[in-house]
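Those protein sequences? They're chains A and B, same order as listed.
Position one of the first sequence corresponds to residue 2 (my numbering), numbered consecutively onward.
Position one of the second sequence corresponds to residue 2 (my numbering), numbered consecutively onward.
Below you'll find the structure, written out as C-alpha cells, and then a few comments.
2 protein chains.
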Amino acid sequence: MTYAYQHPRAALTVDCVVFGFDERDLKILLVQRDLEPFAGAWALPGCLVRVEESLEEAARRELEEMGVVKVYLEQLYTFAEPDRDPRERVVTVAYYALVKLSSQRVKASTDARNAAWFAVCDLPCLVFDHEAIIDTARQRLKAKVRYEPIAFELLPPMFTLTQLQHLYETILEAPVDKRNFRRKIVTMNLLFETGEIERDVAHRAARLYRFDESKYKQLKKKGFNFEL
Amino acid sequence: MTYAYQHPRAALTVDCVVFGFDERDLKILLVQRDLEPFAGAWALPGCLVRVEESLEEAARRELEEMGVVKVYLEQLYTFAEPDRDPRERVVTVAYYALVKLSSQRVKASTDARNAAWFAVCDLPCLVFDHEAIIDTARQRLKAKVRYEPIAFELLPPMFTLTQLQHLYETILEAPVDKRNFRRKIVTMNLLFETGEIERDVAHRAARLYRFDESKYKQLKKKGFNFEL
DNA sequence: TGATATAGTGTATATATCACACTATGGAGG
DNA sequence: CCTCCATAGTGTGATATATACACTATATCA
Numbered sequence: 002m003t004y005a006y007q008h009p010r011a012a013l014t015v016d017c018v019v020f021g022f023d024e025r026d027l028k029i030l031l032v033q034r035d036l037e038p039f040a041g042a043w044a045l046p047g048c049l050v051r052v053e054e055s056l057e058e059a060a061r062r063e064l065e066e067m068g069v070v071k072v073y074l075e076q077l078y079t080f081a082e083p084d085r086d087p088r089e090r091v092v093t094v095a096y097y098a099l100v101k102l103s104s105q106r107v108k109a110s111t112d113a114r115n116a117a118w119f120a121v122c123d124l125p126c127l128v129f130d131h132e133a134i135i136d137t138a139r140q141r142l143k144a145k146v147r148y149e150p151i152a153f154e155l156l157p158p159m160f161t162l163t164q165l166q167h168l169y170e171t172i173l174e175a176p177v178d179k180r181n182f183r184r185k186i187v188t189m190n191l192l193f194e195t196g197e198i199e200r201d202v203a204h205r206a207a208r209l210y211r212f213d214e215s216k217y218k219q220l221k222k223k224g225f226n227f228e229l
Numbered sequence: 002m003t004y005a006y007q008h009p010r011a012a013l014t015v016d017c018v019v020f021g022f023d024e025r026d027l028k029i030l031l032v033q034r035d036l037e038p039f040a041g042a043w044a045l046p047g048c049l050v051r052v053e054e055s056l057e058e059a060a061r062r063e064l065e066e067m068g069v070v071k072v073y074l075e076q077l078y079t080f081a082e083p084d085r086d087p088r089e090r091v092v093t094v095a096y097y098a099l100v101k102l103s104s105q106r107v108k109a110s111t112d113a114r115n116a117a118w119f120a121v122c123d124l125p126c127l128v129f130d131h132e133a134i135i136d137t138a139r140q141r142l143k144a145k146v147r148y149e150p151i152a153f154e155l156l157p158p159m160f161t162l163t164q165l166q167h168l169y170e171t172i173l174e175a176p177v178d179k180r181n182f183r184r185k186i187v188t189m190n191l192l193f194e195t196g197e198i199e200r201d202v203a204h205r206a207a208r209l210y211r212f213d214e215s216k217y218k219q220l221k222k223k224g225f226n227f228e229l
C-alpha cells in the first residue's frame, strides 16, 4: 500500500540526545546504525514518527526500545536543512533526555547493531548533522541547569553534595566554589537530608540528600525562581 | 503529478508569531483565512514548507508576502499533536519574529483575505492550536528579553529611554523603576547617545539613543552577559 | 596509631538590588 | 511673557547577594 500526495513531502523523524552522568563525565547514548546509508556509523537514537503518534510518544518509544524509561524529556529544536540527509528530505525534531545512568542497562534498538555511552568530550564521528544537534543540546543543558532544577535527573535518587557539585562543574565546564555552592543550594530548601550516609568509601562518608520535587512545585507557584 | 510513499506522511508548515510594539501595546500580526477549513477565522500567518527550502526560508517567504521584511526571526517550537488539524496530520514549526511597527505596512498574503495587528490582550479566537503557539511565544519573549538585547528589534532605530522602559514593562507585565532601569541600561554601555532629541512633543524632549549592535557583539565575545 | 582522603564549616569584602522624590526643560495657552 | 503642564532627568542609603578564601572533622586502611 502506498500513500499519494499532490506535493512531495518530507519524512519526519525524532532524534534523542540522551545525557547521563557517571561521577566523572557527562555522557551521551549513541547507536551504531545497522542500515544504509552509513551502516556501521554512530548516530543519535531516532526513529520515524508514526502518523498517529505525537512527537514525544515517538521519542519515548525509541528510548523504550533501548531500555531507557522514565526519563526527563524535552523538545530541543527542529533540524530541517533540505540536504541534511543525502537520500531525501528528512525533517527531524530533536529531543533531549536526562537519565540516571545507574538505573539504565541499554540495549540496541531493532534498527541498530549496538548502543553505547560516550563521554561528550570523546565522541566518535557522527552521521548527518547529529554533531550540530548535540552541540545545541549541550548549550541548552548548560543554560537550563542554572534556572531549573533538572540536574537532579542525572543523579541517583540519593546523592551527596559533592556529587551534585561535580555534576554542575561538568555541565558548566567551570569550577565551582565548594562552600558557596553548598550554602546556596542548602538555603534554597529544596534538598531533603535523608539521614543516611555514603557506604563503602575509604574516607569520611558524606550525607545523602534527596531533591524534594513537591516542595519545588509549591515554591514555584509562589513565585520562587531556582537559580544556581 | 502525485508523490507516493510507503507510509503516510504529515504535511509540514511554518507558522509565525510576529510581534510589534506601538508605544502602548504589544501586538501580533494575524491573517484572516480565505480557505477552508475555518475560512474567515483569524490565524497566525503560515504556509506549507516547500521541499527544497529550509524552514527559515519558508517563514521569511510568508512574511515577505505580507510585506514584512528584515525582521529578527527565531525558531520557537514544533507543534505536532496528531489531531491539531481536523483534515489530516499537519506538523507546524513555529517561529517568532520581532518587527519595528513603524516601518511596516502589512498586506494580506495570497491565501488570506485580510491581515491586521491585534493587541496581545485583545486577540480574537484563533484556529487550530494557534492560541497555544502564541502563549509559547509570549513566554519565550518574556524570558529572552531579560538575557538577550532583542527588545530593540521592536523599537525604531532611535528611541528614548522611556520608550525602552515602557516596552520592557509591557513585555514583562510588571512595572519597572525608572531610575534603576536607566542606571542599569546606561552602565551596560550598549546605547549610543545620538545627540538628537524627540520632536513634536508638548513637553521637554527626551534624548534619542541607538542600540550599538557591534559593541554588544564585541563585549559578548569577552564573556559579557546582557541582563535586565 | 598515624596516614590519607574527603566531608563539612565561617567570615569579611565587594557588588548588586531596591526603594524612593525632587528639579529641569520645552511647549502650549492665556 | 508668564504660568501651567507634561515628561525628562538625576542620587543616595539600606539591604541583600556574590565572591574569595583555609582549616578542622571523621572514616578507612595499612
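Ideal placement from N, C-alpha and C gives every residue a C-beta, glycine not left out.
Every value quoted in this text rests on a predicted model; they were computed, and no experiment measured them.
Residue environment, residue i, which counts as buried when at least 16 other CB atoms sit within 10 Å
i	result
Cys-126/B	exposed
Gly-21/A	buried
Ser-104/A	exposed
Tyr-148/B	exposed
Gln-164/A	buried
Val-187/A	exposed
Ala-242/B	Outside the displayed range of chain B (2 to 229) lies residue 242/B, so it cannot be described from this structure.
Asp-201/A	exposed
Pro-150/B	buried
Asp-23/B	exposed
Leu-171/B	This sequence places Thr at residue 171/B; Leu is not what is there. Buried is the call here.
Lys-221/B	exposed
Arg-205/A	exposed
Glu-228/B	exposed
Lys-143/B	exposed
Ala-81/B	buried
Thr-47/A	The question names Thr, but residue 47/A in the sequence shown is Gly. Gly-47/A comes out buried.
Collapsed DSSP secondary structure at residue i in the structure displayed
i	result
Glu-170/B	helix
Arg-1/A	Residue numbering for chain A in the displayed model covers 2 to 229; residue 1/A lies beyond these limits and cannot be assessed.
Asn-181/B	helix
Arg-208/A	strand
Arg-51/B	coil
Gln-7/A	coil
Thr-14/A	strand
Glu-24/A	coil
Thr-161/B	coil
Thr-188/B	helix
Glu-133/B	According to the sequence displayed, residue 133/B carries Ala and not Glu. Correct three-state label for Ala-133/B: helix.
Gln-76/B	strand
Ala-117/A	strand
Ala-175/A	coil
Arg-141/A	helix
Glu-66/B	helix
Arg-34/A	strand
Tyr-97/B	strand
Glu-58/B	helix
Ala-44/A	strand
Phe-193/A	strand
Identity of the residue in the options nearest residue i by Cα
i	options	result
Cys-17/B	Arg-10/B, Glu-75/B, Thr-3/B and Pro-157/B	Glu-75/B
Ala-120/A	Tyr-78/A, Ile-135/A and Ser-110/A	Ile-135/A
Leu-36/B	Asp-84/B, Ala-113/B, Glu-66/B and Arg-88/B	Ala-113/B
Leu-45/B	Val-69/B, Leu-99/B and Ala-116/B	Ala-116/B
Val-91/B	Arg-61/A, Glu-53/A and Lys-71/A	Glu-53/A
Thr-195/A	Leu-209/A, Glu-57/A and Lys-185/A	Leu-209/A
Leu-94/B	Thr-79/B, Gln-33/B and Val-107/B	Sequence inspection shows Val at residue 94/B; the Leu mentioned does not correspond to that position. When each option's Cα is compared against that of Val-94/B, the closest is Thr-79/B.
Pro-83/A	Leu-13/A, Lys-101/A and Glu-57/A	Leu-13/A
Arg-25/A	Ala-60/A, Leu-156/A and Asp-130/A	Leu-156/A
Lys-185/A	Ile-198/A, Gln-166/A, Thr-171/A and Glu-197/A	Gln-166/A
Arg-88/A	Lys-71/A, Arg-141/A, Phe-39/A and Glu-63/A	Phe-39/A
Ala-98/A	Ala-109/A, Val-69/A and Cys-122/A	Val-69/A
Leu-30/B	Glu-199/B, Phe-160/B, Pro-158/B and Leu-102/B	Leu-102/B
Pro-9/B	Leu-124/A, Tyr-4/A, His-8/A and Ala-11/A	Tyr-4/A
Cys-122/B	Asn-181/B, Leu-27/B, Glu-154/B and Met-159/B	Leu-27/B
Lys-71/B	Leu-77/B, Ala-81/B and Glu-58/B	Glu-58/B
Tyr-96/B	Val-15/B, Trp-118/B and Gln-140/B	Val-15/B
Supposed close pair residue i, residue j - CB separation, criterion 8 Å
i	j	result
Thr-111/A	Glu-66/A	6 Å
Leu-268/B	Tyr-217/B	There is no way to answer for residue 268/B, as the model of chain B reaches only from 2 to 229.
Arg-34/A	Val-128/A	7 Å
Ala-207/A	Leu-162/A	7 Å
Glu-154/B	Tyr-73/B	4 Å
heavy atom of the ligand HEM below 7 Å from residue i C-beta
i	result
Met-189/A	The ligand HEM is absent from the structure shown, which contains no ligand whatsoever.
Contact list for the segment 23 to 56 of chain A against chain B, Cβ threshold 9 Å: Taking a C-beta cut-off of 9 Å against chain B, the contacting residues of the segment 23 to 56 of chain A are Leu-49, Val-50, Arg-51, Val-52, Glu-53, Glu-54, Ser-55 and Leu-56, listed in chain order.
Within 8 Å of chain A by C-beta, residues of the segment 75 to 106 of chain B in sequence order: Gln-76, Tyr-78, Thr-79, Ala-81, Glu-82, Pro-83, Arg-90, Val-92 and Val-94
Residues of the segment 4 to 21 of chain B with Cβ closer than 9 Å to any Cβ of chain A, in chain order: Tyr-4, Ala-5, Tyr-6, Gln-7, His-8, Pro-9, Arg-10, Ala-11, Ala-12 and Leu-13
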